[in-house]
Structure formats: structure tokens, C-alpha cells
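Novice: Per our numbering, the sequence shown starts with residue -1, numbered consecutively. Built from N, CA and C at the ideal position, the CB exists for glycine as well.
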Amino acid sequence: MSSLYFHIPFCRRRCRYCDFFSTTTSDVERDNYVDLLCRHLELIHCDELADSELQTIYFGGGTPSLLTAEQLHLLLTASRARFGLSAEAEITLEVNPGTFGGKYLQQVRQTGINRLSIGIQSFNDQQLRQLGRCHNADQARAAVTGARAAGFDNISLDLMFALPGQDTDDLDREIDQLLQQEPEHISVYGLTVEAGTEFERWQQQGLITAVDEDEYARQYELLRARFSAAGYEHYEVSNFARPGWHCQHNQRYWQRRSCLAIGAGAHSFVESGYGERRHVPADLARYRQLLTAGVDPAERLESFNRRGAMIETLYLALRTSAGVDPVAFEERFGESLQRAFPTAMARLQASLVCSGERIMLPPQHWLIYDHLIKAFF
Ligand code: SF4
């Protein structure tokens, strides 16, 4: 199984909390960028993907819904020609409700894209304005309705929590509204105030106050309780899904499987050896320069040794309800979990559970996941 990620680093305007690499652009610049992506596809090399057709493609950003359906079609056609594309492939597009209207989602569905990840974030217009989102709650609801009408049966909704001034009653109302949309999948993001953002400046000026740890914990537990009661599986720290609707693409990250990434600012992972991470500089001018010169713009970011690969395997697997398969781990690394990590395994004995042939950290511990996982470092 192989995967491809396209990074679309453009946004209509910058949200106040966001530190991702993205820029505002013109239609012409986006057209040029799509040409560069096609060139990047031709130049990228990966032995592991050479013999297997793509099973997942993900358009992330930034705001990929700023691309036209024609541009998306072009990229899918180029991907199919370069690697082959399974008829059952999961093909996801991240969409921002403030960036499209009319028949856009119908045209997108006709390209073969079969999964939408809609960046709703909140159903509260005041919160959306504070976040600097370029849409309101009515547009968010209309996006879901439009997606269903266009034939999408696999929809993921993003919801933020721990927003400045938000309490559990506010979040409870947000959850009610989100559940009314009946998504197949939900991703939740607790706000953290990142360096260099407008929110950081506002915080320094006392205009906003981040919620404290206790409130954050109460909100996370509320999300878990409400979504579980509504029939969603909490299958990764920040992700919930109806049974059978887990995100196939993201599962590959957590399973440490190869995923090639195309675009300025994109990160690839290649499984060969103990694994290697590659990175394309988040610099559009350099991206253009290298591709125009016929050079693959990816740079090696990190090459894993055996110990590093073992730690990362656990770090990613224990974020998920699937956990880790100790037999597969030993086959892969030639050493059992207990032998490789005797102190950490003893320290986490009370938290880890065995179910069938797997070892996992149950979701009720995920709130303190970052603290627990330090035992392996
Ligand atoms: S739309 Fe997404 S990527 Fe763009 S600024 Fe807002 S949060 Fe960041």
C-alpha cells in the first residue's frame, strides 16, 4: 500500500492562531504552483512506491480548496500516470467553508476525490471571528449539506476546543451542533498559542487568556464522553470515527509506512532501512528554482538508526487504539519490547493493557500521553 500527500500552502487569509507555512496568492500563482507540483511528481523518486499503485492521496494545506476542480483533476491524472492509482483509493481534500460555493463540491466529487475534511473549527460566529477564520457557522453547515448533495459519503469535520474564554458548557453546545451534521469522522484540536502568531501578541497584550490545564482536561474528557456516547470510536489521540471510517491516509503515518509528499513545505517518510524523513523547504521561490533546474527539491531531514526507529514506532503506535503488535515489533527489530525498554515497560505497567495480540495505551490515558510516552526516551 502506498500514499501520496500534496501540500497546498495557500490561504485566503491567515488565521490568528496558525503557524503553518502558507501564504496568500493570486490565481496565476496557484496555476504556476500546480505546474510545479506536476514537475515535482515527475522528479520524485522512491523505490518502495515504484511497484505499488497508490492507495491513498491527501490534499492538505494551507487551503487546498483554493485549487479549482480542474487543477485537482490535473494533479490526480498526473499521480495516476506516475504511480498508478487503486480503484478503491481513499482520496481526501481538506476544504475551508469560506473558499467555495456554487457547484464546486460536485465538480470536486467528479474528479474522483471521495473524502472531505472540512475545517469547521467552531459553530460560534464570535469565536470564528476571533480565530480569524474566513467563514461563519452558516457557511460551515452549508458546506456539509453541499458535500452530501454532491455525493460525499465520507466526511470529516475539524473542531477546535480550549479556545480563549470557552468553557465546557460552550463546548457542549458546539458538540451538539457538530453531531447534528452526522459526520463519519471527527478531528479535534486543542488550541495552543504558538510563537509568532497574532494570538501570541494578543496574549502578551492581555487581550486573550489561554484556558488552564484543568479546563483543557475537562474539555478533552467532554469530547471523549460525548463522541463515544454518539457511537464514535476514539481511535487516535485527536481523532474519532464511526466504525469502518478511520482515515486510511493518516493511519499510515501512525504505522510508520512510506508516504511521499509533494509541494513546498511538505514532509515525506520512506520506510527503507530504519526509515528516513525528507523535507521540502518551505520557500516557494526556492521550490520553483530547484524544479525549474530539474532538481528534486527534497532534502534529507532525519535518517533513523535502529533505536530511533524503535522509539518512534512506539511513539506513533501508542497514540492509536490499535497500539503495537509485540511479535511484529520483535520480528522487525530483533529484540522484544521488554528487552529493549525494560525500565519504561515496568514504569508503564499499570497504564498499558494487552488485548488479543496487541499492547495499547487505553484512550483514558491519552490526555497525559506526552507525559507517559517520555518513559521511552
Ligand atoms: S486556513 Fe488553515 S492553514 Fe490557513 S491560516 Fe487558517 S488554519 Fe492556517
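According to the neighbour-count rule (16 or more other Cβ atoms, all chains shown, within 10 Å of its Cβ), is Phe375 buried or exposed?
Specialist: Per the 10 Å Cβ criterion, exposed.
Novice: Have a look at Ser256, Thr290, Ala326 and Glu234 and flag the residue whose alpha-carbon is nearest the alpha-carbon of Thr318.
Specialist: Here the closest residue by C-alpha is Glu234.
Novice: What do you reckon, are the CB atoms on Leu161 and Pro181 nearer than 8 Å?
Specialist: Not in contact: Leu161 and Pro181 (Cβ atoms no closer than 8 Å).
Novice: Looking at the unbroken alpha helix (DSSP H) that takes in Phe339, where does it start and where does it end?
Specialist: From DSSP, Phe339 is part of no alpha helix (DSSP H); its letter is neither H nor E.
Novice: For Thr90, which of helix, strand or coil comes out of DSSP?
Specialist: Looking at Thr90 - three-state DSSP - the assignment turns out to be strand.
Novice: Indicate whether Glu92 and Gly130 have their beta-carbon atoms separated by less than 8 Å.
Specialist: Result no, Cβ atoms of Glu92 and Gly130 do not sit closer than 8 Å.
Novice: With a threshold of 7 Å, establish whether the CB of Arg171 neighbours any heavy atom of ligand 1.
Specialist: Checking the Cβ of Arg171 against ligand 1 gives no.
Novice: Based on DSSP bridge pairs, tell me the residues matched to Leu155.
Specialist: According to DSSP, which records beta bridges pairwise, Leu155 is partnered with Ile116 and Ile184.
Novice: Label Val209 either buried or exposed according to how many other C-beta atoms from any shown protein chain fall within 10 Å of its C-beta, with 16 as the threshold for buried.
Specialist: Buried.
Novice: By Cβ distance below 6 Å, which residues in the same chain neighbour Arg216 in space, the five residues on each side in sequence not counted?
Specialist: The residues are Thr166.
Novice: Compute every distance between the C-beta of Gly117 and the non-hydrogen atoms of ligand 1, then say whether any falls below 7 Å.
Specialist: Gly117 Cβ: within cutoff of ligand 1.
Novice: So, are the CB atoms of Trp148 and Leu103 less than 8 Å apart?
Specialist: Checking the sequence shown, residue 148 turns out to be Ala, not Trp. Cβ atoms of Ala148 and Leu103: closer than 8 Å.
Novice: Enumerate in chain order the residues of its own chain whose CB-to-CB distance from Tyr230 is below 7 Å, with the five nearest sequence positions on each side excluded.
Specialist: Within the same chain, Tyr230 has close Cβ partners Ile184, Phe238, Ala239 and Arg240.
Novice: Below 8 Å on the Cβ atoms is my guess for Tyr3 versus Cys257; work out the distance and round it to an integer in Å.
Specialist: The pair is a contact, with the Cβ atoms about 6 Å apart (cut-off 8 Å).
Novice: Take Leu299 as the anchor and find which of Arg199, Ser266 and Glu40 has the nearest alpha-carbon.
Specialist: Looking at the Cα atoms, Ser266 is the closest of the given residues.
Novice: Tell me whether Ile206 is buried or exposed, calling it buried when 16 or more other Cβ atoms sit within 10 Å of its Cβ.
Specialist: Under this definition Ile206 is a buried residue.
Novice: By the 10 Å Cβ neighbour count, where 16 or more other Cβ atoms means buried, how is Gln362 classified, buried or exposed?
Specialist: Flag for Gln362 reads exposed.
Novice: Quick one: grab the DSSP three-state call for Gln69.
Specialist: Helix, per DSSP.
Novice: Can you pull the DSSP bridge partners for Ala259?
Specialist: Partner(s): Tyr3.
Novice: Could you check what DSSP says for Phe150 in three-state terms: helix, strand or coil?
Specialist: Here Phe150 sits in coil by DSSP.
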